[in-house]
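Residue numbers (my numbering), protein chains in the order written: chain A, 1 to 323; chain B, 324 to 740.
Just so it is clear, CB atoms sit at the ideal spot from N, CA and C, and this is done for glycine as well.
So the structure is just underneath, and the comments pick up after that.
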């Protein structure tokens, strides 16, 4: 996730942009290069996009329109059958509901907690450096390892959380955090938020650091209360960072596979699956075991997340915000 | 405006990239090409399942060296974890680049798709006659033997001797009533789990098979699916009763086999259905005093064990027939197959292997039952789907109606076949 995040670096609003330069003669002067040279520099990126994005996308669409046997053997064209089968799948409504709950809960909680954390971490206090490092840790650990760790924490028989809760007499019998339908989604959301905090917090720290101290000082001189200063000055100036954090988190969280797959592996059926794990299970775990249906779900997933992101950007009028 | 397009482009690319990444571990390894177009293949590839981190890769590497030395062919070994092997093999077949030999827990669907060599083409006759008849039977699809077994395991009842002693139980149960009483006694007197029952999606068909075979039931009878037979409904109802009485671990429907084994290995469960690799783990840790007994039958008649075997199947590819044949000749030679099975802690699949392993007293309980072991209907391609349906649905009987769960599975089986 960290590596792919870099792809978006050029859109970082805080990055200084070179102002348009007066037109000069082709190939001469600062800031202009010969098209061939430009192409040479761009070619690795272009090759990467073709190889890693376009080619798999084309293959995915092709697979979604093909019929496969359970072994993976190609059996001919399926037309739109796979899409029809996925869209009429009995468990799809549950999966969609889970996806919405998962994405909204994780992103909203992450943003709220990260705002508070970032606010704390820009203040000067002894040991701040170490706290900042500590915040990065969940980001540095592999998602599968983190998820496995939480499986152990949540465990019914030996889990630390149950141990502490029963020890403090909060509960009499342990709670099956992962096997009890009432707790499963909430337990997964906690992990989702935990691993999303570092990135989001650091986006906000960057955003807060970019706010000129003079503006805040001026508000203070004019008699604004701390809450007013935060609400009227800091929050509006943070909006570009909020926008980036929301969009990226929505995409990450929507696509999050390891957390749900690991924490939910004991539960049969699709009761706690999101579209991503649904896609995987269709291909390898469900009785359909159908690569074609899975590919169709994959195409639909891309469309869903594209539409969601576009609608969101439309609503917040991102052109204003990212200027 | 330029900024607008750039941002849209960047975001759209980001969405695509991230979505592509989110799709999990796409199997990228397509090294199956083995000089297909050559007249005679001199290099063949093997995709093997990883039974253990320590032994599997080491065995196949030394096997490849012996293979090259003896026949002059090269064997490309690719050991894949059980979590990934379905994905990788499926991807390779989608790309029309299957491995020459694939080690998997199913074969019938591949035979149905006409991808495999049968025994007449690649298996030496003396090997076929050495393989235990049970495994030949379950490896035969449509009259031809395609599913060559690599190793096997048989299940038995593991019981914790310390917990049994504390609960005042003298020996392992021989009927289901005794099992129920023992489980209750363990639960009441020690507070630990009486019987650990894993009906989670990992392998619920295995647990249920053990029970239903010992109630005179089966998945298929004379070619017809009988999943919702009276015996099977009775079996599942009995299992549900145990869960309802609270003598099993919490939430059996949401417990995978590995978790049940963990419970037993930590001394917190009185009984569990286990197999030889569990015994190896327990011996190594040495903390639990346990006994192994045949799983009791409902009425006290002779126990039937549930056997499992995995397969080494050979894919038809131009020119690879001789090399594949040589592979099997070497694999089924005493030195190789027995070494592999011994290292991995499983059971033999050949008559000569059964004789060889008689030397180990600990295996007697399994070896005696092995020739009469009952398997799930792996010879029916429909089973490859039903197995998944059972894994995903059987557990729901614990909170619902066992009969209707089995009826639904029966309908699925009938509509698929």
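If you count every other CB in all the chains shown that lies within 10 Å of the CB of residue i, and 16 or more means buried, which is it?
| i | result |
| --- | --- |
| residue 439 (chain B) | buried |
| residue 169 (chain A) | exposed |
| residue 747 (chain B) | With chain B covering 324 to 740 only, the question about residue 747 (chain B) has no answer from this structure. |
| residue 391 (chain B) | exposed |
| residue 683 (chain B) | exposed |
| residue 471 (chain B) | buried |
| residue 544 (chain B) | exposed |
| residue 39 (chain A) | exposed |
| residue 688 (chain B) | buried |
| residue 384 (chain A) | Only positions 1 to 323 of chain A appear in this structure, which leaves residue 384 (chain A) out of reach. |
| residue 492 (chain B) | buried |
| residue 660 (chain B) | buried |
Do you know offhand how far residue i's Cα is from residue j's?
| i | j | result |
| --- | --- | --- |
| residue 654 (chain B) | residue 601 (chain B) | 25 Å |
| residue 348 (chain B) | residue 369 (chain B) | Unreliable placement is indicated for residue 348 (chain B), whose pLDDT of 35 sits below 50; no coordinate value is reported for it. |
| residue 531 (chain B) | residue 240 (chain A) | 56 Å |
| residue 177 (chain A) | residue 586 (chain B) | 17 Å |
| residue 486 (chain B) | residue 595 (chain B) | 13 Å |
| residue 33 (chain A) | residue 45 (chain A) | 17 Å |
| residue 132 (chain A) | residue 272 (chain A) | 34 Å |
| residue 445 (chain B) | residue 718 (chain B) | 41 Å |
| residue 412 (chain B) | residue 315 (chain A) | 45 Å |
| residue 274 (chain A) | residue 636 (chain B) | 35 Å |
| residue 656 (chain B) | residue 650 (chain B) | 10 Å |
| residue 129 (chain A) | residue 244 (chain A) | 25 Å |
| residue 578 (chain B) | residue 555 (chain B) | 21 Å |
| residue 479 (chain B) | residue 551 (chain B) | 25 Å |
| residue 263 (chain A) | residue 737 (chain B) | 33 Å |
| residue 115 (chain A) | residue 186 (chain A) | 21 Å |
| residue 383 (chain B) | residue 363 (chain B) | 23 Å |
| residue 516 (chain B) | residue 103 (chain A) | 38 Å |
| residue 365 (chain B) | residue 380 (chain B) | 22 Å |
| residue 98 (chain A) | residue 617 (chain B) | 44 Å |
Would a check of beta-carbon distances place residue i closer than 8 Å to chain B?
| i | result |
| --- | --- |
| residue 273 (chain A) | no |
| residue 130 (chain A) | no |
| residue 287 (chain A) | yes |
| residue 328 (chain A) | Beyond the ends of chain A as shown, which are 1 and 323, falls residue 328 (chain A); an answer cannot be given. |
| residue 307 (chain A) | no |
| residue 267 (chain A) | yes |
| residue 291 (chain A) | yes |
| residue 156 (chain A) | yes |
| residue 179 (chain A) | yes |
| residue 176 (chain A) | yes |
| residue 73 (chain A) | yes |
| residue 202 (chain A) | no |
| residue 278 (chain A) | no |
| residue 284 (chain A) | yes |
In terms of DSSP beta bridges, what is residue i paired with?
| i | result |
| --- | --- |
| residue 477 (chain B) | B:630 |
| residue 401 (chain B) | B:370 |
| residue 426 (chain B) | B:635 |
| residue 594 (chain B) | B:482, B:518 |
| residue 68 (chain A) | A:74 |
| residue 586 (chain B) | Looking at the DSSP assignment, residue 586 (chain B) forms no beta bridge with any residue, so it has no partner. |
| residue 454 (chain B) | B:673 |
| residue 472 (chain B) | B:634 |
| residue 615 (chain B) | B:481 |
Consider the Cβ of residue i: report whether some Cβ of chain A lies at a distance smaller than 8 Å.
| i | result |
| --- | --- |
| residue 426 (chain B) | no |
| residue 579 (chain B) | yes |
| residue 718 (chain B) | yes |
| residue 359 (chain B) | Residue placement at residue 359 (chain B) cannot be trusted, given a pLDDT of 44 that sits under 50; what the coordinates show is reported in the next sentence. Output row for residue 359 (chain B): interface = no. |
| residue 440 (chain B) | no |
| residue 446 (chain B) | no |
| residue 523 (chain B) | yes |
| residue 371 (chain B) | no |
| residue 433 (chain B) | yes |
Would you say the beta carbon of residue i is closer than 7 Å to some non-hydrogen atom of the ligand NAP?
| i | result |
| --- | --- |
| residue 681 (chain B) | By its list of ligands, the structure shown contains no ligand whatsoever, and the ligand NAP lies outside what it can speak to. |
Review point. How do the region 511–519 of chain B and the region 635–652 of chain B stand: do at least 3 beta-carbon pairs fall below 8 Å, yes or no?
Key: no
Check your understanding: For the region 51–64 of chain A against the region 271–279 of chain A, are there 3 or more C-beta pairs whose distance is under 8 Å?
Key -> no
Review point. Do the region 188–202 of chain A and the region 244–257 of chain A meet, that is, are 3 or more Cβ pairs less than 8 Å apart?
Key: yes
Practice item. Spell out a yes or no on whether the region 680–698 of chain B and the region 420–431 of chain B are touching, meaning 3 or more CB-CB pairs, one atom from each, closer than 8 Å. Key: no
**Study point:** the region 662–670 of chain B touching the region 424–439 of chain B, judged by at least three CB pairs closer than 8 Å
**Key:** no
Exercise for review: Specify whether the region 423–432 of chain B and the region 453–469 of chain B touch according to this definition: at least 3 beta carbon pairs, one from each stretch, less than 8 Å apart.
Suggested key: yes
**Study point:** Three-pair Cβ contact test at 8 Å for the region 84–97 of chain A versus the region 291–309 of chain A
**Key:** yes
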